[in-house]
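Number of protein chains: 2
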Amino acid sequence: MDTEENPVVTELMKDPCRGHHEKSSHPSQIKCGQCVLKKLCLVGDHYSEWPTQLDDIIIHKRPLQKGKHLYWQDTPFKSIYIVQSGGLKAYRLSSRGRERVLGFYLPGEMVGTDGLFNNRYSNSLMTLETTSVCELPFQPLLKLFEHEEVLLRQFLSIMCGELLEEQQLTLLSHKSTEERVAAFLMNLSARYQKRQLSASRMQLLMTRKDIANYLGIAVETISRVLSRFQDRGWIEINGRDIQLRNFSALEELLLQATN
Amino acid sequence: MDTEENPVVTELMKDPCRGHHEKSSHPSQIKCGQCVLKKLCLVGDHYSEWPTQLDDIIIHKRPLQKGKHLYWQDTPFKSIYIVQSGGLKAYRLSSRGRERVLGFYLPGEMVGTDGLFNNRYSNSLMTLETTSVCELPFQPLLKLFEHEEVLLRQFLSIMCGELLEEQQLTLLSHKSTEERVAAFLMNLSARYQKRQLSASRMQLLMTRKDIANYLGIAVETISRVLSRFQDRGWIEINGRDIQLRNFSALEELLLQATN
DNA sequence: CGGAATCTTGATTAGGTTCAAGATGAGTGG
DNA sequence: CCACTCATCTTGAACCTAATCAAGATTCCG
Chain A
0 MDTEENPVVT ELMKDPCRGH HEKSSHPSQI KCGQCVLKKL CLVGDHYSEW
50 PTQLDDIIIH KRPLQKGKHL YWQDTPFKSI YIVQSGGLKA YRLSSRGRER
100 VLGFYLPGEM VGTDGLFNNR YSNSLMTLET TSVCELPFQP LLKLFEHEEV
150 LLRQFLSIMC GELLEEQQLT LLSHKSTEER VAAFLMNLSA RYQKRQLSAS
200 RMQLLMTRKD IANYLGIAVE TISRVLSRFQ DRGWIEINGR DIQLRNFSAL
250 EELLLQATN
Chain B
0 MDTEENPVVT ELMKDPCRGH HEKSSHPSQI KCGQCVLKKL CLVGDHYSEW
50 PTQLDDIIIH KRPLQKGKHL YWQDTPFKSI YIVQSGGLKA YRLSSRGRER
100 VLGFYLPGEM VGTDGLFNNR YSNSLMTLET TSVCELPFQP LLKLFEHEEV
150 LLRQFLSIMC GELLEEQQLT LLSHKSTEER VAAFLMNLSA RYQKRQLSAS
200 RMQLLMTRKD IANYLGIAVE TISRVLSRFQ DRGWIEINGR DIQLRNFSAL
250 EELLLQATN
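In order, the protein sequence lines correspond to chains A and B.
Here the first sequence stands for residues 0 to 258, where the numbers follow numbering that gives the first Met the number 0.
Here the second sequence stands for residues 0 to 258, where the numbers follow numbering that gives the first Met the number 0.
If you want it as C-alpha cells, here you go:
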C-alpha cells in the first residue's frame with residue numbers, strides 16, 4: 000500500500016487552526032431550536048425537553064477551511080463536536096507515519112468520542128472542505144447528563160451506533176473489492192438521504208486515495224471497480240460526482256456476501 | 000467463504016437458557032468488593048466511591064453451560080453484563096443465515112452495549128465454555144449514573160475502548176493474513192495478561208473456524224499461518240493450547256504493515 | 001499556462017481461496 | 001471402556017482475485 004511518510008510533527012506546529020479557539024461565539028451561530036439538523040444530531044426529537052441548556056454550553060466556532068484540523072491525535076480531550084456543515088475525515092498516523100483513514104463525517108454527525116478512552120483524542124480529524132462544527136465541551140455536557148437522562152440515552156445510542164457501524168465495516172474484510180465499494184456507496188447514500196439530500200446523486204468530498212485507504216484496497220482497484228459499475232449501468236461517475244442508477248443491483252451485491 | 004445455513008429460528012425456540020432468568024441470586028455470588036476482577040470491570044479503581052450501590056443492582060445468574068446464549072440478536076435490550084468466568088463469542092446471523100463472528104469476550108469484559116442503539120440487542124452472545132456473568136439491569140444503572148459521574152465516565156471509557164478496538168480490527172482489512180493472525184494472538188495475549196494470566200500460554204476457547212470467521216480469512220489459511228509461525232519458532236501449538244515463544248517477532252510483524 | 005496531484009487503464013505477479021483428502025480429536029452409545 | 005462417528009484441524013495443488021508496476025489522461029491550483 001501507500002508508503003509516503005506524512006510529516007505530522009512539523010505540520011502540527013504550524014496548524015493555523017490553533018490559536019483560533021477563542022471562547023467568543025462565531026457571528027453566524029444558530030440556536031439548536033432553529034437548526035435544520037437538530038433531529039439528526041444529539042438533540043434528537045426531544046428538543047423541548049432541554050430548552051436552552053444545550054444552547055448554553057455550545058460554542059460556535061468560525062468555519063474551518065479545507066484541510067484544517069479540528070483536533071489532533073494524542074492531544075487532550077476536551078470537547079465533543081457535531082458537524083454543522085461541510086465534512087471531515089478521521090485518520091490516525093502510525094509511529095511510522097503511515098496514515099490510516101478511519102471514517103468520514105457528514106453534517107449532523109458527532110465526532111470526538113474517541114477522546115473518551117483515556118482523555119486524549121486517539122484520532123485526528125481533518126476537514127475535507129470548509130466546515131462548521133458545534134463544539135460541546137465535555138465537562139458541562141456530563142453535568143447536563145445528570146439531570147437529563149434522555150439526553151444521556153441519546154448520547155449512548157449514538158455511540159453504540161458508531162460501534163455497530165464500525166462492526167459492519169470490520170465485516171468488509173470478509174468481502175471482495177466490489178462488495179466493499181458497493182457498501183461504501185450505499186452507506187454514503189443512506190447518510191445523504193437522512194440529511195434530506197439526494198440519495199442518488201452525491202458529490203464525494205474525499206479523494207480516491209482516501210476511499211482506498213479507508214476500505215483497505217488499492218487506488219487502482221477503486222478506479223477499476225467504479226468503471227466496472229459504470230459499464231454495467233449501475234452508476235455514473237464524473238470525477239467526484241457520482242450518481243447511483245441501480246440501487247437494487249448494488250444492494251443485491253451486498254446481500255450476496257455480507258449476508 | 001463458509002456457506003452452511005444456521006437454523007437459528009428453531010434453536011431459538013428450544014434454548015434451555017430461557018426460563019432461567021429468575022431474579023433470585025445464584026448461591027455462589029460474590030460482592031464486588033471481594034471480586035478479583037473489580038479493577039478490570041466497570042467497577043474500576045473507584046470501588047470505595049459507590050460502596051454497595053452496584054451490588055444492589057447486580058444479578059448473579061447461575062452459570063451457563065457451553066454453547067448456551069446470554070442473549071439473542073433482535074431481542075429487547077434489558078441489561079449490560081460483565082463476564083465473571085468463562086468466555087463468550089459475539090456474532091450476528093444475516094438474513095441468509097450466515098454467521099459472522101464479531102468478537103470474543105473474557106472475564107472482566109463488558110457485553111450488552113450493542114443493545115443501546117435501538118433498545119434491541121444487535122448481536123447474539125454465545126458461551127464458549129461454562130460461563131458466569133454479572134447482570135446489570137440497565138435502567139437502575141442509568142439511575143446510578145445520575146449521582147455517580149465517575150461510574151458514568153468509566154462506562155463511557157469502556158464503550159470508547161470497544162470502539163477503538165473495533166477500529167483497530169477494521170484495519171485488519173489492510174493487512175496480510177500473517178499480520179491478522181499475529182494481531183489476534185497479541186491481542187489475546189495482552190488481554191490474558193491484564194487478567195493476571197500467563198501472557199505466553201493460552202488455552203484458546205474458540206475453534207479455528209471462529210477465528211477464521213472473525214478475521215475474515217479461510218480456516219485453511221489459519222492453519223497454514225499457525226504452522227508457519229511454529230516452523231519459525233515463534234509459537235508452539237497443540238490444538239487449542241498455544242504458547243507464544245517470540246513476542247518481538249510477532250510484534251515486528253505488526254509494526255511492519257499496521258504502522 | 002504549466003506543474004503537480006489525482007485518476008484511469010493495462011500487464012504482470014503474488015498471496016489467499018477453493019477444492020480435495022487425510023489426520024486428529026471429541027462426543028456418543030453400546 | 002471401547003468402537004464408531006462426526007467435527008475439527010492440517011497439508012497439498014490449482015486457480016483466481018487484487019496488488020504492484022508502469023504509463024497515459026485528466027483535473028486542480030498557483
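C-beta atoms are modelled at their ideal positions from N, C-alpha and C, and glycine is treated no differently.
Nothing here was measured: the structure is a model prediction, and the numbers come from that model.
With a 10 Å radius around the Cβ and a threshold of 16 neighbouring Cβ atoms, His-68/B comes out buried. By alpha-carbon distance to Thr-112/B, the top candidate from Leu-92/B, Gln-72/B and Gly-232/B is Gln-72/B.
Exposed is the label assigned to His-146/B, since fewer than 16 other Cβ atoms lie within 10 Å of its Cβ. A Cβ of chain A is located within less than 7 Å of the beta carbon of Met-158/B. Three or more beta-carbon pairs drawn from the segment 236-253 of chain A and the segment 177-191 of chain A are found closer than 8 Å, and the two stretches are therefore classed as touching. When secondary structure is reduced to three states using DSSP, Phe-103/B falls in the strand class. The alpha-carbon separation between Val-132/B and Arg-207/B amounts to approximately 25 Å. A direct Cα-Cα distance of roughly 35 Å separates Asn-118/A from Leu-196/A. Legend: CB atoms of the segment 113-140 of chain B lying less than 7 Å from CB atoms of chain A belong to residues Asp-113, Leu-115, Phe-116 and Ser-121. Around the beta carbon of Arg-231/B, fewer than 16 other beta carbons sit within 10 angstroms, so the residue counts as exposed. Contact between Gly-107/B and Cys-40/B holds, with the beta-carbon distance rounding to 5 Å and staying under 8 Å.
For Asp-230/A, the enclosing alpha helix (DSSP H) covers residues 218-230. DSSP places Tyr-120/B in no beta strand (DSSP E); its state is neither H nor E. The DSSP-derived three-state label of His-45/B is coil.
With distances taken between CA atoms, Ile-241/B lies nearest to Met-201/B out of Glu-134/B, Met-201/B, Lys-88/B and Arg-97/B.
Pairing Thr-220/B with Thr-176/B gives a Cβ-Cβ distance under 7 Å. Judged by DSSP in its simplified three-state form, Arg-91/A adopts strand. Between the segment 139-154 of chain A and the segment 86-96 of chain A, the count of Cβ pairs shorter than 8 Å is below three; the stretches do not touch. Bounds of the alpha helix (DSSP H) holding Val-180/A are 176-193. The alpha-carbon separation between Leu-115/A and Pro-75/A amounts to approximately 10 Å.
Apart from sequence neighbours up to five positions away, the residues of its chain that approach Arg-244/A with a beta-carbon distance below 7 Å are Gly-232, Trp-233, Ile-234 and Glu-235, ordered along the chain.
Going by C-alpha positions, Lys-142/B is about 51 Å away from Ser-226/B. Per DSSP, Val-35/A lies in no beta strand (DSSP E) and is assigned neither H nor E. Residue-level contact by beta carbon holds for His-173/A and chain B, with a gap shorter than 7 Å. Contact annotation, Ser-172/A with Ser-172/B: C-beta distance approximately 4 Å; criterion of less than 8 Å satisfied. Taking the C-beta atoms as reference points, Phe-144/A is found no nearer than 7 Å to Ser-78/A.
Ser-93, Ser-94, Arg-95, Arg-97, Arg-99 and Leu-101: these are the residues of the segment 79-109 of chain A whose beta carbon lies less than 7 Å from some beta carbon of chain B, given in chain order. DSSP, read as helix, strand or coil, puts Ile-57/B in coil. Residues are counted here when their Cβ sits less than 8 Å from a Cβ of chain B; for the segment 145-169 of chain A these are Glu-145, His-146, Glu-148, Leu-151, Arg-152, Leu-155, Ser-156, Met-158, Cys-159, Gly-160, Glu-161, Leu-162, Leu-163, Glu-165, Gln-166, Leu-168 and Thr-169, given in chain order.
For Gly-215/A, a Cβ of chain B is located within less than 7 Å of the residue's own Cβ. Excluding the 5 residues flanking it on each side, Arg-194/A has same chain C-beta neighbours closer than 8 Å at Leu-36, Leu-39, Leu-105, Pro-106 and Gly-107, in chain order.
Assignment of Leu-69/B by DSSP, reduced to helix, strand and coil, places it in the strand class.
By the Cβ-count criterion, Lys-174/A is buried, with 16 or more other Cβ atoms from all chains shown falling within 10 Å of its own Cβ. In the structure shown, Asn-245/B falls within a coil segment according to DSSP collapsed to helix, strand and coil. Under the DSSP definition of a beta bridge, Leu-135/B partners with Ile-79/B.
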